[in-house]
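Input: a single structure, listed below in C-alpha cells.
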Amino acid sequence: MARAMGDVLAEIVVRPQVPMGAFHALGYVCAMGVAEGLRDAGVDFAALGWPQDVVDGRTNRALMTLRMHAGYDKGMFGSCTVVADRQIGLLREMSDVELSEAICAGVERRVASWESQIVAGAGKAGPLAPVLSEYFDLVSLLGQPAVAVYPNGNEMARGRFAGVDIWGRATLVTSDGQEIEFSPEQARIQPAYTLGNSFVLISAALEGHLS
C-alpha cells in the first residue's frame, strides 16, 4: 500500500471509567496498544519511542505517531489519531483495513486492561504505574545512548536513556552521572550512536535521506 508521512491510519475514541487525573497516562497507554496490536498482527519489530511514537525497534526510526485529545461529553473521553511517520513503508504489505483493525484492536485491549487496574486501585502511585514495567519492555531505546531535543530543535542534553517514571517523565543520565528529568512538553528523545567516547545524533535530515 502506498502511504505517505502524515496520512491518518486509524482513529479511535476510548472512554475509560477512571478518575480525571489518570487521563494523563492515556496517550502512553494507547501507544502501547498500537505497538501490541501491530505485534499481534505479525509486525514483530513494532516498539515504542518515548513518549507516544511507534517505531521500528531495530533502528528506532518512527513508523507512526499518536495525536491525543481529551474531552468531556457525558463523561471524559480520549480521541486517539494514529498518523504515519517516515518508516510507514515497512508496513506496505498490510492493507489499510488490516492496519486500522490491528491498531484499534490493540488500543481497545490495552485501555480496557489499564482501566481495570486503575479501578482496582493500582494507580494510586501514579497513572502509569500499573503498566510501567510493560511500557519499559516496549521502549526500544531504553538503556541506549540518546539525545533530548527541545521543541525548537536545540539540544537539551545527551546521555543514556535511563527510564520513565509513573507520570511518564523521561530521565537521561549524562556521562558525568547527572540525572536530567523532563516531560514530553519540554523535550523529545532521539537516538544517538557512539563513536569512541562521543555521541553522534542521527539528525532528521539524514534520516530522511535513508528512508
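Under the working numbering, the first residue of the sequence shown carries the number 1375, and numbering increases by one thereafter.
C-beta: ideal position from N, C-alpha, C; glycine also.
Beta-carbon proximity check, residue i vs residue j, cutoff 8 Å
{"i": "LEU1422", "j": "SER1487", "result": "no"}
{"i": "ALA1405", "j": "LEU1440", "result": "yes"}
{"i": "PRO1565", "j": "ALA1520", "result": "yes"}
{"i": "MET1442", "j": "GLY1449", "result": "no"}
{"i": "PRO1388", "j": "VAL1547", "result": "Going by the sequence as given, residue 1388 is Val instead of Pro. Result no, Cβ atoms of VAL1388 and VAL1547 do not sit closer than 8 Å."}
DSSP-derived helix/strand/coil call for residue i
{"i": "ILE1540", "result": "coil"}
{"i": "LEU1502", "result": "coil"}
{"i": "GLY1401", "result": "helix"}
{"i": "MET1450", "result": "strand"}
{"i": "LEU1412", "result": "helix"}
{"i": "ASP1550", "result": "coil"}
{"i": "ASP1430", "result": "strand"}
{"i": "LYS1458", "result": "Per the sequence shown, residue 1458 should be read as Ala rather than Lys. It is a strand residue."}
C-alpha distance - residue i paired with residue j, whole-angstrom precision
{"i": "GLU1410", "j": "GLY1533", "result": "28 Å"}
{"i": "ALA1494", "j": "ASN1528", "result": "42 Å"}
{"i": "ALA1399", "j": "LEU1502", "result": "6 Å"}
{"i": "ALA1415", "j": "TYR1402", "result": "20 Å"}
{"i": "TRP1541", "j": "SER1549", "result": "25 Å"}
{"i": "ALA1444", "j": "LEU1464", "result": "30 Å"}
{"i": "PRO1393", "j": "GLY1500", "result": "12 Å"}
{"i": "ASP1427", "j": "LEU1437", "result": "8 Å"}
{"i": "GLU1555", "j": "ASN1434", "result": "21 Å"}
{"i": "PRO1504", "j": "ALA1420", "result": "21 Å"}
{"i": "CYS1478", "j": "VAL1471", "result": "10 Å"}
{"i": "GLY1517", "j": "ALA1544", "result": "12 Å"}
{"i": "ASP1511", "j": "GLN1391", "result": "26 Å"}
Residue i - containing beta strand (DSSP E), residue span
{"i": "ARG1435", "result": "1435-1446"}
{"i": "ILE1386", "result": "1382-1388"}
{"i": "ALA1520", "result": "1519-1523"}
Segment limits, alpha helix (DSSP H) that includes residue i
{"i": "ALA1420", "result": "No alpha helix (DSSP H) holds ALA1420; the beta strand (DSSP E) holding it covers 1420-1423."}
{"i": "VAL1481", "result": "1470-1493"}
CB-CB length for residue i against residue j, believed under 8 Å
{"i": "TYR1509", "j": "ALA1561", "result": "Wrong, their Cβ atoms sit about 18 Å apart, outside the cutoff."}
{"i": "VAL1456", "j": "VAL1408", "result": "6 Å"}
{"i": "ALA1458", "j": "ALA1396", "result": "Wrong, their Cβ atoms sit about 29 Å apart, outside the cutoff."}
{"i": "CYS1454", "j": "VAL1429", "result": "The Cβ separation is near 17 Å, so there is no contact."}
Residue i Cβ short of 7 Å to the ligand MG heavy atom set
{"i": "ALA1561", "result": "Among the components modelled here there is no ligand, and therefore nothing to report on the ligand MG."}
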